[in-house]
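Chemist: Next up is a structure, given as structure tokens.
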Amino acid sequence: MKLTPDTFSTEFLRLAEDFVERKFLLGISGGADSMVLADLCLRLNLRFEIAHINYNLRGEDSEKDEALVRHFAEENGIAHHIYKVSASDGKPRHSVQIWARNLRYDFFFNLLSERNLAAVLTAHHLDDQLETFLINLSRGSGIKGLGGIPEKSDKILRPLLNFTKDEIYDYAEAHGVIFREDLSNFSDDYLRNRVRHDVSPKLKQVFPKFLSGFNESLQHLNSANAFIQREIAKAFSEIFVDGDDENFRLNREKLLGKDEFLSREIVRRLGFSGEEIAKVLSAESGKMLRSRTHEIWITRQEIICRTRSRNKQ
740 MKLTPDTFST EFLRLAEDFV ERKFLLGISG GADSMVLADL CLRLNLRFEI AHINYNLRGE
800 DSEKDEALVR HFAEENGIAH HIYKVSASDG KPRHSVQIWA RNLRYDFFFN LLSERNLAAV
860 LTAHHLDDQL ETFLINLSRG SGIKGLGGIP EKSDKILRPL LNFTKDEIYD YAEAHGVIFR
920 EDLSNFSDDY LRNRVRHDVS PKLKQVFPKF LSGFNESLQH LNSANAFIQR EIAKAFSEIF
980 VDGDDENFRL NREKLLGKDE FLSREIVRRL GFSGEEIAKV LSAESGKMLR SRTHEIWITR
1040 QEIICRTRSR NKQ
């Protein structure tokens, strides 16, 4: 599908029909994807503000990214918010990408609240979807993880998700959109970049229409997942004994009596994954197990669950 103001308008209205008259927050890095998204929003006369975060990870390049975003906003009379990462934000403990993502979305959601904005718009696209799918596939993700990046979630809208990276570049060239290339995108230091440079191109080379077929399959997968999630919720309600969101009890016998897929997915909802799920289902009475989100105690008849506080995780 060619990216034009008309095709974008169709996608945007489909996602944002409930609050299209409100003002949005557009997350902009200065790269092609987000600058094209900003240009499209301008052409559709959407009401939006701009947010940019300078991680100070790339020296002069980071400053140039910020300068481009600031110039675009000022030239078009758009309210803009720049956050410069400092020593007080700490340093990445493990993944730089996860650290950056957490900072970015904390900044975005604080602005949503402070400025009374409807939702965040991000410029994720179909190539991002493919990379996410392949990474999750390699990690043994369940059907929900294989569904990829959602179009709409937790006040985040992704109206470019059905368009390819090439279509975004074509739009930028056709409409004279100025952007900056993030040089880290050309590095193989990150897993996603290795998938982007080594795996995705080969799939597209062998199967020229791979992305369109992949997108169609993803829609089928997400439809199936929506049905499965309803069945999991139904099964969970059937084994629920009592409690609230923080502390609750589940009927162990009923859990083990469910279809293996359903019982595993219920345990997955408690923050367990992979081999941990099997350990929960086979645990002896008296065992205590801990996931990233819950602590559970196994008794003969029940599983007693407690949500872990964030500062203990």
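Per the numbering used here, residue 740 is the first one in the sequence shown, and the count goes up by one each step.
Here a beta-carbon is modelled for each residue, glycine too, at the ideal position from N, C-alpha and C.
Source: prediction; values computed, not measured.
Does the Cβ of LEU796 have 16 or more other Cβ atoms within 10 Å, making it buried, or fewer, making it exposed?
Modeler: exposed
Chemist: Can the beta-carbon of ASN793 be found less than 8 Å from the beta-carbon of ILE821?
Modeler: yes
Chemist: First and last residue of the beta strand (DSSP E) that includes ASP828?
Modeler: It is not in any beta strand (DSSP E) - ASP828 carries neither H nor E in the DSSP assignment.
Chemist: Assuming contact is defined by CB atoms lying nearer than 8 Å, are LEU1009 and LYS1018 in contact in what I supplied?
Modeler: no
Chemist: Measure the CB-CB distance between GLU890 and LEU752 and report whether it falls below 8 Å.
Modeler: no
Chemist: Within 10 Å of its beta-carbon, does LEU942 have 16 or more other beta-carbons around it, so buried, or fewer, so exposed?
Modeler: exposed
Chemist: So for VAL980, helix, strand or coil by DSSP?
Modeler: Strand at VAL980.
Chemist: Which residue comes first and which comes last in the alpha helix (DSSP H) that contains MET774?
Modeler: Where MET774 is concerned, the enclosing alpha helix (DSSP H) stretches over 771 to 782.
Chemist: Going by CA-CA distance only, name the one from LYS803, LEU742, ARG933, ILE967 that's closest to ARG919.
Modeler: LYS803
Chemist: Could you tell me whether the Cβ of ASP998 comes closer than 8 Å to any Cβ of chain C?
Modeler: No chain C is present in this structure, which holds just one protein chain.
Chemist: State yes or no: is the C-beta of ARG1007 within less than 8 Å of the C-beta of GLY881?
Modeler: yes
Chemist: Closer than 7 Å by C-beta to PRO744: which residues in its own chain qualify, once you throw out the five before and the five after it? Chain order, please.
Modeler: LEU779, ARG782, LEU783
Chemist: Leaving out five residues on either side along the sequence, give the residues of the same chain with a beta carbon under 6 Å from the beta carbon of ASP921.
Modeler: GLY770, listed in sequence order.
Chemist: Counting only the same chain and skipping the five closest in sequence on each side, list residues whose C-beta sits under 6 Å from that of SER976.
Modeler: none
Chemist: For LEU764, report the span of its beta strand (DSSP E) as first-last.
Modeler: 763 to 766
Chemist: Do you know offhand how far ILE895's Cα is from LYS762's?
Modeler: 13 Å
Chemist: Tell me PHE987's beta-bridge partners as DSSP assigns them.
Modeler: GLY982, CYS1044
Chemist: So the candidates are VAL808, GLY798, ASP800; which of them puts its Cα closest to the Cα of VAL775?
Modeler: VAL808
Chemist: Determine the direct distance from the alpha carbon of LEU856 to that of LEU850, and round the result to whole angstroms.
Modeler: 8 Å
Chemist: Determine the contact status of LEU989 and GLU1041, defining contact as a CB-CB distance below 8 Å.
Modeler: The Cβ atoms of LEU989 and GLU1041 lie closer than 8 Å to each other.
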